[in-house]
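Below is one structure, written out as structure tokens, with a few remarks after it.
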Amino acid sequence: MKKTSLSLALVLLLAACGTTDNSSETTGTTDSSVEDSATEQVEETTEEATEETTEEASEETEAPEETGSEEEAGEAKDEAAEEEAAEEPSEEQTGLDLSAYQPEKGSIRVFVQDDFEIERETVDVKGDLVQEKITFGDIKSLKVYKWTAQEISTLYSEENPADEGSILDEFEAVDAPQDIQSAGTEESGWVLASESETLSLPYGELEEVVVFTQTLVSETTDQETVFTNYYAKGLGLVKEVIEVTGENGYSTVSELSEVK
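Reading the sequence shown from the start, the letters are residues -23 to -1, 1 to 237 in mature numbering (1 follows the signal peptide of the UniProt record, and there is no 0).
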């Protein structure tokens, strides 16, 4: 009986030891699984963080390129706008068309100056060339003008010409043009004083008259000479005023009185 009890106790003891070993193995297996799972999560988290950091760094690297492209596009746009503005005439240049103020071919305009008469005959008009004959007493002058939308310039002048007919067919300017008036500029010394003047003359009242002025100063004295020219559409020059300042100053006025 004692042997049987001793054997049973030994069996129970061995069983208990086996259970403990199995529990240790199970615990070891569980700990290993937890460690593996934690390691995998850390690795996945690290990989995701690395990928996000790489993507953000890539975006930050690309951002300056996009900014640079926008700046270059803006500069190119500004340059294009400046070139377009340079090619297009200004409002001052396009607002006034001086070609509309050319006198008609064959017309004779009579001016009064004090007790004298001056005749200005438009001998010929070809495009932007206008030939005029001016008669003042026994003195005759031939003048050829370049008359465009933007300027009126004297290309040729001759006193008492042998031929009073048209010379425009074979005309070639020899000397540099003497700019009389230029719309919108002051390069010649002429200033656009008015674009729409109403003028009362012996000829009658004229509207939309353009007025140019020029001031010349003597190099030896303080004397000034002021020229003022008035132009009407379809008539050309209709009034001319010359004023000289100083001790011996004077003024002359020529006004349109008749058109033949």
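Where a beta carbon is used, it is the ideal one built from N, C-alpha and C, also for glycine. Quick caveat, the model's predicted, so the values are computed rather than measured.
### Message
Give me, in chain order, the residues of the same chain whose beta-carbon lies closer than 8 angstroms to that of Gly211; leave out the 5 immediate sequence neighbours on both sides.
### Response
Ala77, Tyr78, Gln79, Pro80, Glu81
### Query
Can you tell me the Cα-Cα spacing of Tyr133 and Tyr122, whole angstroms?
7 angstroms
### Query
What residue does the beta strand (DSSP E) around Tyr208 start on, and which one ends it?
201 to 209
### Message
Does Thr99 pass the burial test, meaning 16 or more other C-beta atoms within 10 Å, or should it be called exposed?
### Response
buried
### Query
Do Ala209 and Phe189 have their CB atoms nearer than 9 angstroms?
no
### Message
Suppose contacts are defined by Cβ-Cβ distances below 9 angstroms. Is Val218 in contact with Thr229 by that definition?
### Response
yes
### Task
Go ahead and pull the three-state DSSP assignment for Leu233.
strand
#### Entry: Same chain, Cβ closer than 6 angstroms to Glu172, neighbours up to 5 away in sequence not counted
Leu73, Val187
### Cβ-based neighbour list, Lys103, same chain, cut-off 6 angstroms, excluding 5 preceding and 5 following
Leu145
### Query
Where DSSP assigns a beta bridge to Thr190, which residues make up the other side?
Val168, Thr205
### Message
Buried or exposed for Ile116, going by 16 or more other Cβ atoms inside 10 Å?
### Response
exposed
### Query
Which value, in whole angstroms, describes the spacing of the CA atoms of Asp91 and Glu232?
10 angstroms
### Message
Per the DSSP calculation, Glu81 is bridged to which residue(s)?
### Response
Glu81 pairs with nothing; no bridge assigned.
### Query
In terms of residue numbering, what span does the beta strand (DSSP E) encompassing Gln127 cover?
Where Gln127 is concerned, there is no enclosing beta strand (DSSP E), given that its DSSP letter is neither H nor E.
### Query
Anyone know if the C-beta pair for Ser234 and Tyr180 falls short of 9 angstroms?
yes
### Message
Looking at Tyr207: is its Cβ nearer than 9 angstroms to the Cβ of Glu174?
### Response
yes
### Message
Quick check: the Cα distance between Leu193 and Asn225, rounded to an integer number of angstroms?
### Response
16 angstroms
### Query
In whole angstroms, what is the alpha-carbon distance linking Val221 and Tyr227?
5 angstroms
### Query
According to DSSP, is Ser76 helix, strand or coil?
helix
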